[in-house]
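Keeping their order, the protein sequence lines are chains A and B.
As numbered in our numbering, residues 240 to 416 make up the first sequence, in order.
As numbered in our numbering, residues 7 to 180 make up the second sequence, in order.
Here is the structure we will look at.
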Amino acid sequence: MSGLLEEIGATFGWLSLLQFGGTNAVVPEMHRQAVEVLHWMDGQTFANLFALAQLAPGPNVMIVSLIGWRVAGLAGLLVATFAMTVPPSLLAFAMSRLMKRAGTSKWLGIVKDGLVPLAIGMILASGWIMAASSNQGPLSIALTVAAAAFVAFTDYNLLWALGAAIALGLTVHRLVM
Amino acid sequence: MERTAPSRLDLFLGFAKIGLLGFGGVAPWARHIIVEERRWLDEREYASILGIGQVLPGPNTVNSAIIIGDRFHGTMGSTAAFLGIFCMPLLVLIGIALVYDRIADLPAVGVAIGAGAAAAAGLVIGTALKMARRLKFDVAAIAVGLAAFVSVGLLHVPMVWAIAVLGPISIAAV
């Protein structure tokens, strides 16, 4: 059991620092490790856990929490989550301190401003990819467009959009069935 | 817009709310709560922290949480933000994992999840559009943003390559 926890910690510990652009960047390698190299689970189980992690609340990095849970219960969940989140967080903290020390230096301002459009383009891309993978026909597309317009043009709480979409989806399903 | 500096408890509770409501991803909720609801940062400050969080490895919202926590309350602030963003979702996730096998086959659950996922994607897209609109991008910034969107969203270029190529271009051009 302790060997298994060490395996989980080591695997996610090094994967954690390869998450450039977010957790989804390392999902293919995570799949290879969990299914083909370490034989923790089959491909179908991995796909189910991935879908569940996407839909559950919280950062998408929590796919590793579910894998840890599946492989070694609560201890596995904690070790996997810790290994995947703490190394990059320490790096972000070091970066934060560097930025504080640099204060209002000109080069830092230029770098920060320069990265903003990149970050926003990446968010748009991830939304697009999510929309493509959740697309089940015209209703899905309409819900995505309506929710996007709701956020872009109003300041109301986002829960209204989610709640209305789910209610509408269930209503249409009931009418059609 | 008047800004309000959060206490450590505010940081923990604010990020706990972001984590708990972050169905389908936390990015829209993080911006909504930090910029609009609690007004800890303005649009531009938040966007620049998010930009740094994006180029570091790791989830950009978690990286941003660390930096925002440190900005207001140092190490304790970062710790509060980090624990906040993970505590509630972990509890919910354990709950879901426990009942998932029993409810996954109900048709209504599948329909609700499908509709919710479609709307969640819209929230992410709308958040990006709203930020671009409010920050009043010039032509160069719009070009970089679109290049990032096309390469990663449409052409499925791995994000690390897009960041390595577009990062320096973006810094030089914007």
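Quick reminder that beta carbons are idealized off the backbone N, C-alpha and C, glycines included.
Residue i to residue j span [Cα, whole Å]
i       : j       : result
L26(B)  : I102(B) : 13 Å
L244(A) : M280(A) : 15 Å
H162(B) : P95(B)  : 29 Å
H412(A) : A403(A) : 14 Å
G342(A) : R77(B)  : 11 Å
S84(B)  : G248(A) : 23 Å
A319(A) : L256(A) : 14 Å
R140(B) : V325(A) : 33 Å
N287(A) : E268(A) : 17 Å
S344(A) : K351(A) : 11 Å
R336(A) : A87(B)  : 16 Å
I109(B) : A273(A) : 25 Å
I138(B) : V145(B) : For the record, residue 138(B) in the displayed sequence is Ala; it is not Ile. Distance between the alpha carbons of A138(B) and V145(B) is about 12 Å.
E185(B) : Q375(A) : Any answer about residue 185(B) is impossible in this case: the structure gives chain B only from 7 up to 180.
H383(A) : I131(B) : Just to set this straight, residue 383(A) is Thr in the shown sequence, not His. Each residue's alpha carbon lies about 8 Å from the other.
D16(B)  : T10(B)  : 11 Å
V105(B) : D111(B) : 11 Å
V171(B) : A153(B) : 11 Å
Y52(B)  : I175(B) : 21 Å
G75(B)  : S372(A) : 33 Å
R167(B) : A264(A) : Checking the sequence shown, residue 167(B) turns out to be Trp, not Arg. Whole-angstrom Cα-Cα distance: 11 Å.
V115(B) : Q293(A) : 15 Å
S304(A) : I73(B)  : 23 Å
H38(B)  : G242(A) : 42 Å
I306(A) : F29(B)  : 19 Å
L254(A) : L401(A) : 32 Å
I58(B)  : L135(B) : 19 Å
V415(A) : G120(B) : 16 Å
Coarse secondary structure for residue i, derived from DSSP in three states
i       : result
F143(B) : coil
CB contact flag (residue i, residue j, <8 Å)
i       : j       : result
G90(B)  : F21(B)  : yes
G348(A) : L378(A) : no
V390(A) : L129(B) : yes
A370(A) : A127(B) : yes
P298(A) : P65(B)  : yes
T133(B) : I368(A) : no
I177(B) : L354(A) : yes
G260(A) : I169(B) : yes
R44(B)  : E8(B)   : no
A364(A) : F155(B) : yes
A179(B) : V150(B) : yes
I405(A) : A33(B)  : no
A295(A) : V98(B)  : yes
P113(B) : P327(A) : no
A333(A) : F251(A) : no
L397(A) : W35(B)  : yes
Residue i Cβ short of 7 Å to the ligand ADP heavy atom set
i       : result
M280(A) : Absence of the ligand ADP is noted for the structure shown, with no ligands found whatsoever.
Query raised in the report: What residues in the stretch 127-152 of chain B have a beta carbon less than 9 Å from any beta carbon of chain A?
Result: For the stretch 127-152 of chain B, the set of residues with a beta-carbon nearer than 9 Å to any beta-carbon of chain A comprises A127, G128, L129, V130, I131, G132, T133, A134, L135, K136, M137, A138, R139, L141, F143, A146, A147, I148, A149, V150, G151, L152, in chain order.
Query raised in the report: For the stretch 360-371 of chain A, which residues have a beta carbon sitting closer than 9 Å to at least one beta carbon of chain B?
Result: Here the close residues are G360, M361, I362, L363, A364, S365, G366, W367, I368, M369, A370, A371.
Query raised in the report: Which ranges would you report for the alpha helix (DSSP H) in the stretch 26-100 of chain B if only whole runs of at least 4 residues count?
Result: Runs found: 33-37, 49-61.
Query - Near-chain B residues of the stretch 281-296 of chain A - C-beta to any C-beta below 7 Å - result: Listed in sequence order: L291, Q293, L294, A295, P296.
Report task. Pull out every residue of the stretch 82-105 of chain B whose Cβ sits closer than 8 Å to any Cβ of chain A, in chain order. Result -> Answer set for the stretch 82-105 of chain B: S84, F88, I91, F92, M94, P95, L96, V98, L99, I100, I102, A103.
Requested in this report: Give, in chain order, every residue of the stretch 321-345 of chain A whose Cβ lies closer than 9 Å to some Cβ of chain B.
Outcome: The residues in question are M323, T324, V325, P326, P327, S328, L329, L330, A331, F332, M334, S335, R336, M338, K339.
Query - Those runs of the alpha helix (DSSP H) which lie wholly inside the stretch 274-339 of chain A and span at least 4 residues - result: Correct list: 282-294.
Query - Where the stretch 26-51 of chain B meets chain A: residues whose CB sits under 7 Å from a CB there - result: So the list reads L26, L27, G28, F29, G30, G31, V32, A33, P34, W35, H38, E42, given in the order they occur along the chain.
**Report entry** Start-end ranges of the alpha helix (DSSP H) lying completely within the stretch 332-416 of chain A, minimum 4 residues
**Finding:** The stretch 332-416 of chain A contains these whole alpha helix (DSSP H) runs: 345-373, 377-392, 397-415.
Query - Contact list for the stretch 64-76 of chain B against chain A, Cβ threshold 7 Å - result: Hits within the stretch, in order: G64, P65, N66, T67, V68, N69, I72, I73, D76.
Query raised in the report: Between the stretch 381-396 of chain A and chain B, which residues of the former have a C-beta closer than 7 Å to a C-beta of the latter?
Result: Residues of the stretch 381-396 of chain A with a C-beta atom less than 7 Å from some C-beta of chain B are L382, T383, V384, A385, A386, A387, A388, F389, V390, A391, D394, listed in chain order.
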